[in-house]
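The structure under discussion appears below in the form of structure tokens.
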Amino acid sequence: MGAIEEPGLSTFRNSAHNAEKWTNERVLSIRYWTPTLLSFRTTRYRSFRFTPGHYTRLALGAENDLVWRPFSLASGAYDDFLEFIAVLVPGGAFSEPLGQLRTGDTIRVDKASYGFLTIDQLAPGKDLWLLASGTGLGPYLSILRDPAVWQNYEHLILVHSVRHASELAWRDDIAKFPEGEMFAEAKATLSYLPVVTREAGATALAERIPLLLADGRLEAAAGTALDLESSRVMVCGNPEMARELRQLLSRRRFTTNRRSLPGQMAFEKYW
Ligand SMILES: Cc1cc2nc3c(=O)[nH]c(=O)nc-3n(C[C@H](O)[C@H](O)[C@H](O)COP(=O)(O)OP(=O)(O)OC[C@H]3O[C@@H](n4cnc5c(N)ncnc54)[C@H](O)[C@@H]3O)c2cc1C
Ligand SMILES: NC(=O)c1ccc[n+]([C@@H]2O[C@H](COP(=O)([O-])OP(=O)(O)OC[C@H]3O[C@@H](n4cnc5c(N)ncnc54)[C@H](OP(=O)(O)O)[C@@H]3O)[C@@H](O)[C@H]2O)c1
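Going by my numbering, the residue at position 64 of the sequence shown is 64; the numbering climbs one at a time, nothing skipped.
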């Protein structure tokens with residue numbers, strides 16, 4: 001597990017008011033899970049609002065050459081900080097300054113939040129499948145930090161596919177979610193299914209998610225059938241994975257939200 005830099009709460013400060021569409025926030029802590037995968041917390045502008053599953057935009061770089069990129073919120077909607085998970089892409093315009101980011105630095109955050117990977121995009125259901133590759137885990141942390149989700153579903157199934165076991169960010173915390181005080185009265189149970197694809201034997205499931213879904217192994221591991229009546233599915237991360245899963249689920253008659261008519265599946269592609 002990576003090193004954690006955590007300053008005292010005394011460093012927490014609200015952003016100054018401004019008429020812009022963004023605020024300057026302070027980096028409170030940074031955690032490196034691997035040399036190229038990190039999560040970080042920032043202060044939160046007190047009127048910043050989002051729905052779990054949303055993303056906002058972050059900017060880094062020189063004042064006259066800022067690079068803006070969308071990032072999903074991993075923190076709970078009620079937390080007084082914002083949290084993000086990010087991969088460092090070699091040569092990436094945002095990744096370069098992100099790799100230099102230190103606790104106490106300033107990062108620019110859009111005042112608005114966006115996106116359709118939210119529970120309200122889905123028709124009511126019993127089982128919620130949260131399928132992620134890599135940093136696509138982020139929005140699901142926010143969703144799983146929402147007590148309403150634990151009340152409204154019976155079974156939450158989180159599937160996180162990564163190349164190496166070290167990239168299973170928050171692995172221990174996720175496994176302990178159901179024990180959390182906030183979820184003590186919860187109706188739902190959580191099945192956490194990590195998938196490591198490039199390290200034989202690291203996890204029971206070791207193939208890409210679309211294949212595991214197509215051949216029934218994902219349903220067997222979750223102990224739950226994926227069906228149109230009771231299952232709702234979210235997919236986040238690699239666009240190729242999203243495309244394959246959309247095809248697979250469409251064949252099972254799953255649809256996305258259309259003209260405000262809630263569907264059975266929702267997608268967020270990261271590139
Ligand atoms: C709605 C939305 C939400 C996003 N949320 C997150 C998030 O929470 N965390 C995060 O790390 N990224 C997220 N991204 C991607 C992020 O915005 C940047 O693309 C990423 O940080 C790399 O930026 P860059 O400028 O260094 O490289 P870019 O020029 O933006 O990307 C270069 C290449 O890197 C690869 N790449 C980009 N992002 C990722 C990724 N997340 N995982 C694996 N490969 C990637 C792709 O091959 C891409 O073509 C999100 C993207 C979108 C559209
Ligand atoms: N992860 C690393 O070791 C590493 C190290 C340095 C830099 N990077 C950079 O980070 C980016 C990749 O990040 P990442 O590893 O988080 O994302 P990723 O390549 O999308 O891989 C994450 C998970 O998604 C799976 N996956 C990939 N394509 C898929 C598809 N079409 N359908 C279903 N599943 C699929 C991968 O399986 P497979 O293993 O089968 O592909 C892996 O389990 C690249 O830009 C790379 O340059 C990564």
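We treat Cβ as the ideally placed atom computed from N, Cα and C, and that holds for glycine.
Just so you know, these numbers come straight off a predicted model, no measurement behind them.
### Query
Got a sec? Which residues, its chain only, sit under 6 Å from Trp-68 by beta carbon, not counting five neighbours each side?
Arg-57 and Ala-59
### Query
What is the C-beta distance between Ile-30 and Thr-106, in whole angstroms, given that I count them as a contact (C-beta under 8 Å)?
14 Å between Cβ atoms; not a contact.
### Message
Is Glu-167 close to ligand 2? I mean its beta-carbon at under 7 Å from any heavy atom of the ligand.
### Response
yes
### Task
Just grab the DSSP bridge partners of Leu-82 for me.
Thr-42
### Query
Is it a yes or a no for the segment 92 to 100 touching the segment 117 to 133, going by three-plus beta-carbon pairs under 8 Å?
no
### Message
I need the residues with a C-beta less than 5 Å from some heavy atom of ligand 1; please give them in chain order.
### Response
Tyr-55, Arg-69, Pro-70, Phe-71, Ser-72, Ala-86, Val-87, Val-89, Gly-92, Ala-93, Phe-94, Ser-95, Gly-134, Thr-135, Gly-138, Tyr-270 and Trp-271
### Query
Taking DSSP as the reference, what is the three-state secondary structure of Thr-255?
coil
### Query
Per DSSP, Ile-107 forms a beta bridge with which residues?
Glu-25
### Alpha-carbon to alpha-carbon, Thr-203 and Arg-13
Any reading at Arg-13 must be qualified, since the residue scores a pLDDT of 42, below 50, and its modelled position is unreliable; the value itself is stated next. Those two C-alpha atoms are separated by around 41 Å.
### Query
Straight-line CA distance for Glu-219 to Tyr-140?
19 Å
### Query
Measuring CB to CB, does Pro-194 end up less than 8 Å from Glu-244?
no
### Query
Which value, in whole angstroms, describes the spacing of the CA atoms of Leu-261 and Ser-75?
28 Å
### Task
Using three-state DSSP, classify Asp-215 as helix, strand or coil.
coil
### Task
Figure out for me which residue from Ala-77, Glu-63 and Gly-216 has the closest Cα to the Cα of Asp-146.
Ala-77
### Task
Could you spell out where the alpha helix (DSSP H) holding Ser-279 opens and where it closes?
No statement about residue 279 is possible, as the shown extent of the chain runs from 1 to 271 and does not include it.
### Task
On the DSSP bridge assignment, give the partners of Ser-72 in chain order.
Tyr-55
### Task
Using beta-carbon positions only, say whether Ser-72 and Met-241 come within less than 8 Å of one another.
no
### Message
Judging by CA-CA distance, which residue of Asp-110, Ala-188 and Ala-266 is the nearest neighbour of Leu-66?
### Response
Asp-110
### Task
Using alpha carbons as the reference points, say which of Glu-20, Leu-156, Tyr-55 and Leu-82 lies closest to Ala-221.
Leu-156
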